[in-house]
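Letter 586 of the sequence shown, counting from 1, is numbered 753 in our numbering, and no numbers are missing.
Let me begin by presenting the structure, written as structure tokens, before commenting on it.
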Amino acid sequence: MSSKAMINKKFRKTKHQCLALLTSLATSVGLVDAAVLESVDYNVLPGDQVSFTLSLDESTQEPRIFTTENPARIVLDFEGVSSAVRLKTQSVNVGATQNITAVEAGGKTRVVVGLSNMVPYATQADGASYKLVVGGSNPDKNVSGGSDVAQPVKVSSASKVLPANKAMPAKAENETYSNHDIQAFDFRRGEAGSGRVMVTLRNTTVTADMRQEGGAVVVDFPDANANPDLLRRLDVTDFATPVGTIQFKGRQNGTRLVIDPIEDYTHIAYQSGNTFIVEVKPLTEEEEDIRAQAEFQYTGEKMSLNFQDIEVRAVLQLIADLTELNLVASDSVNGRITLRLNNVPWDQALDIILKTKGLDKRQNGNVLMVAPTDELAAQERQLAEATQQQEQIAQLYTEYIEINYANAAEIKALLEDEGGSSGGGGEESDGGGLLSARGTVNVDARTNTLIVRETADRLSEIRTLIRQIDIPVEQVLIESRIVVATEEFTEEFGARLGLSGTQIGTNTNYSSAGNLTSANEFINGFRQLDLTGEGFEFDPNDSLNVNLPAANPQASSIGFELWRLGDNLLLDLELSALETEGAGEVVGSPKLLTADKQEAYIEAGEEIPYPVATASGATAIAFKKAVLSLKVTPQITSDERIIMDLVVNQDTRGTNVAIGNGQFVTINTQEIATQVLVDNGETIVLGGVFTQTKNNSLDKTPLLGDLPAVGWLFKRKSKIDDKRELLIFITPKIIDQALN
């Protein structure tokens, strides 16, 4: 090779390298300056229309738009645009619009709107944003957003719901959303049985993210703190709406609202001023029909068939080739068919062909057998008869099955009810249960063992049943507290006053006396005086005129006695007063353990005897219980909660009542009977009985008791204020079987 050729070769190589470098630099610069798709937002418009807004950081050329019929899609390709959308796919589910997806590949960004069926659409470029309205008969009028209808809430790819009266900023990520409080919320029943959850916000800049999780509607309020009083769960089933419960939950980065419906529904969210509203509506009959159609039972790969007068066998072979199934067709499968099926699942197409020609199919693994319906039914009937005949001649085996937790007699009754055989080995027909007509079952009560004589297949089924039902029954420990709290207050004041004296004369004499002996020692001394004389009448044992002391014999008292011998006068005065206070608490704590769905009963107390008349006229003694008792039947639910039927009694000995010539004891009874649903380990108060007894009494001597100051010497006053309260606490606990 000449030197000139070598120089030319090196020049061309250097030229190519420079061009590659320049191309690379140009590409890099282009990537830096490429437009960026920042967010994809949508609004729900009336008439099942959806308005999408595609926000870019700068203006760019309009996208290339095309559609596909199957599946129905609207596709927009933005050349030279990169994507910064965090949520690639958003579910919409409004009208025919199902979802929207934005992905970047090959130097462009593709936005795909998924539809259930093709509907009209309209587009409009607006500076750095691009609008697309899907659905409705004339979507063009909604492109500009000039509708007078209040705009629903906007849901963005950044999971933010913006107020309806504010436009989406060009760069939403530059705004700060923080320190916004959720002040209150309300629930109301709207038109046509809809439920409306209304959340009051501090201002219109609070954002929200609404989505569906499972069957619930979830709304997140990022960086928004709720009033602590709102963080609770409310049951709103009484409003007769699709909404069952509403719950606010505090989160580390905001607040979450969870709406749990109890039936099929549609929902929409919008904002009016400072109020964010989620409306949950029940489905109409038409919507339910559409949803039922959407829940399609056929899942096969779609195919199209268009044949005129083709043999049925040929069509079946075509479907078998498509599905890679092995086809077995009966000799009775014949005839010809004309069909035109476009884009239909292969299993639906097969069912249509079979029903049209009176055929049916049975599939076993990857083998598909096709025959006339009557022929398949006859084959299955013959197979069942052969199985029954085989069972009638099959060898019987005897097996001893030990029952651990259940009652063997109850399982025997269950097997007999299922199978119709009573264990006698007679000619009874098989009732379709576990025991065949030849099978027998007996019980050894001493060892709780079943003695079963059956065929091998039936024995296997019986063992499977016993494994399912012969398991330990869960147990519940019921702890109760029966608290009787009493508070007593008594205040008494009384006086006893006696004035006695004599008057001795030749013609007149008198004596006055009270009705109680008060001054024994003084009167005894008085008796020693020589007071005999004409007309002297005096009884020193009866010296009180006013006898109104404090009723309680233990009351404090002070006595005064004054005697004037010259005038034969005796003054006896006693003042008594009492104030008592008392407080008490009686706690009964019955505790019992019982199995699930088994009644348990416990009591403690006394039996009070009382006389009763017999038929012969004699008197006998009977007894009446005055006990503290608890009767409970627990039922454990599938979610580890407990339903309890409860009867709680607290009977105590009362007062004695005189009837005829006898004394009888009364019984104070307090009882509660109820049914409650309680969480495991939760304590509930069944009920409380509060009684208060107030009694103010005044006994006095007429006229004298009303005198100022000295009137207290002629009256007795008492005040009683007693309080009594009964409370019953119940705590059920499911016993962990592992601890046993």
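We put the CB at the ideal spot given by N, CA and C, even for glycine.
Please read all numbers here as calculations on a predicted model, not as lab measurements.
Whole-angstrom distance between residue j and residue i, CA atom to CA atom
| i | j | result |
| --- | --- | --- |
| A393 | R355 | 20 angstroms |
| R613 | I638 | 20 angstroms |
| T290 | E229 | 10 angstroms |
| F831 | T747 | 29 angstroms |
| A914 | V278 | Because the chain spans 168 through 907 in this model, residue 914 falls outside it and cannot be assessed. |
| L221 | T276 | 11 angstroms |
| G913 | A383 | Residue 913 lies beyond the range of the chain shown here (168 to 907); nothing can be said about it. |
| L880 | T657 | 20 angstroms |
| D818 | K792 | 8 angstroms |
| F245 | R363 | 40 angstroms |
| V366 | N441 | 8 angstroms |
| N166 | T833 | An answer regarding residue 166 cannot be provided, because it is not within the stretch 168 to 907 covered by the chain. |
| N284 | A239 | 5 angstroms |
| D697 | R663 | For D697, the pLDDT reaches just 47, beneath the cut-off of 50, and the residue's location in the model is therefore unreliable, although a value from the coordinates is still provided. Approximately 28 angstroms between the Cα atoms of the pair. |
| A544 | L492 | 22 angstroms |
| N615 | L844 | 35 angstroms |
| K522 | K764 | 51 angstroms |
Status (buried if at least 16 other CB within 10 Å, exposed otherwise) for residue i
| i | result |
| --- | --- |
| G381 | exposed |
| S439 | exposed |
| A359 | exposed |
| P778 | exposed |
| G502 | exposed |
| Q216 | buried |
| D903 | exposed |
| I803 | buried |
| D541 | exposed |
Backbone secondary structure at residue i - three-state DSSP
| i | result |
| --- | --- |
| G360 | helix |
| L526 | strand |
| D353 | strand |
| D498 | coil |
| K764 | coil |
| K900 | strand |
| L870 | coil |
| Q515 | helix |
| E430 | coil |
| V482 | helix |
| P776 | strand |
| Q464 | coil |
| V919 | As displayed, the chain neither begins before 168 nor continues past 907, which places residue 919 out of reach and without an answer. |
| P449 | strand |
| D390 | coil |
| Q556 | helix |
| P716 | coil |
Enclosing alpha helix (DSSP H) for residue i [first to last residue]
| i | result |
| --- | --- |
| S129 | In the structure as shown, the chain starts at 168 and stops at 907, and residue 129 therefore has no counterpart that could be examined. |
| D624 | A623 to I636 |
| D812 | First-last for D812: R808 to I826, but that is the beta strand (DSSP E), not the alpha helix (DSSP H). |
| T290 | It is not in any alpha helix (DSSP H) - T290 instead sits in the beta strand (DSSP E) that spans Y288 to D293. |
Among the options, the one whose alpha carbon lies nearest that of residue i
| i | options | result |
| --- | --- | --- |
| L254 | V242, I267 and E246 | I267 |
| A623 | E558, K798, T451 and E358 | E558 |
| D431 | S361, R399 and R277 | S361 |
| M536 | A487, F219 and D293 | A487 |
| Q464 | I504, W513, L543 and E577 | W513 |
| I788 | I578, I775 and V799 | I775 |
| L506 | T490, Q265, T466 and M470 | M470 |
| I568 | Q556, N609 and R529 | N609 |
| P395 | I435, A785, A375 and D348 | D348 |
| G908 | T490, A561 and I645 | This structure does not reach residue 908, given that the chain is present from 168 up to 907, and the question cannot be answered. |
| E807 | I901, G421, E741 and R418 | I901 |
| V445 | N420, L472, I413 and N473 | I413 |
| P449 | V386, Q475, R418 and A407 | A407 |
| V650 | V500, I241 and F896 | F896 |
| Q379 | Q419, A750, V301 and I435 | I435 |
| A580 | Y572, Y564, G302 and L601 | L601 |
| D301 | E236, S226, S218 and T234 | First, the amino acid is wrong: residue 301 is Val here, not Asp. Comparing Cα positions, the closest option is S218. |
| L909 | Q859, K882 and T860 | In the structure as shown, the chain starts at 168 and stops at 907, and residue 909 therefore has no counterpart that could be examined. |
| E205 | F415, V248 and N835 | V248 |
| S805 | D402, N835, T451 and N847 | N847 |
Enclosing beta strand (DSSP E) for residue i [first to last residue]
| i | result |
| --- | --- |
| A239 | Segment: none, A239 is in no beta strand (DSSP E) and carries neither H nor E. |
| E838 | G829 to D846 |
| D208 | A202 to L212 |
| A604 | Unbroken run through A604: none, as it is neither H nor E. |
| A789 | T786 to I803 |
| R378 | D376 to E380 |
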